[in-house]
């Protein structure tokens with residue numbers, strides 16, 4: 001690494017906090033020099049997340065009724081469940 005790069009890396013600049021999470025000084029220098037790369041990274045990550053949500057929604061919306069989980073009917077909360085006696089079968 002050149003002397004200029006180590007001076008810039010020591011300063012940190014706008015993206016100096018990346019060094020705290022493990023980025024190399026060269027990576028921090030590149031981001032400080034070309035901040036549009038960080039913007040592109042965020043836009044691409046958001047696009048991938050939105051695409052995954054769209055794929056999940058299409059999957060959910062096009063499921064056949066027999067593929068969906070059936071909801072169990074709710075039992076009365078006020079009534080206690082009936083006791084089953086061991087000698088009664090049926």
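Residue numbers (UniProt numbering): 1 to 90. We put the beta carbon where it would ideally sit given N, CA and C, even for glycine.
Assuming residue i and residue j form a contact by the criterion Cβ under 8 Å, report the distance between their Cβ atoms to the nearest whole angstrom.
{"i": "residue 38", "j": "residue 28", "result": "That belief does not hold up - the Cβ atoms of residue 38 and residue 28 are roughly 11 Å apart, past 8 Å."}
Is the beta carbon of residue j closer than 8 Å to that of residue i?
{"i": "residue 12", "j": "residue 19", "result": "yes"}
Where does residue i land, buried or exposed, given buried means 16+ other C-beta within 10 angstroms?
{"i": "residue 102", "result": "This structure gives no information on residue 102, because the portion of the chain shown stretches from 1 to 90."}
What separation, rounded to the nearest whole angstrom, lies between the Cα atoms of residue i and residue j?
{"i": "residue 58", "j": "residue 70", "result": "20 Å"}
{"i": "residue 47", "j": "residue 55", "result": "12 Å"}
{"i": "residue 66", "j": "residue 17", "result": "51 Å"}
{"i": "residue 63", "j": "residue 72", "result": "19 Å"}
{"i": "residue 68", "j": "residue 52", "result": "20 Å"}
{"i": "residue 36", "j": "residue 44", "result": "12 Å"}
{"i": "residue 42", "j": "residue 83", "result": "60 Å"}
{"i": "residue 40", "j": "residue 50", "result": "15 Å"}
{"i": "residue 34", "j": "residue 61", "result": "42 Å"}
Residue i lies in the alpha helix (DSSP H); which residues open and close that run?
{"i": "residue 25", "result": "25-33"}
{"i": "residue 20", "result": "17-20"}
{"i": "residue 51", "result": "36-61"}
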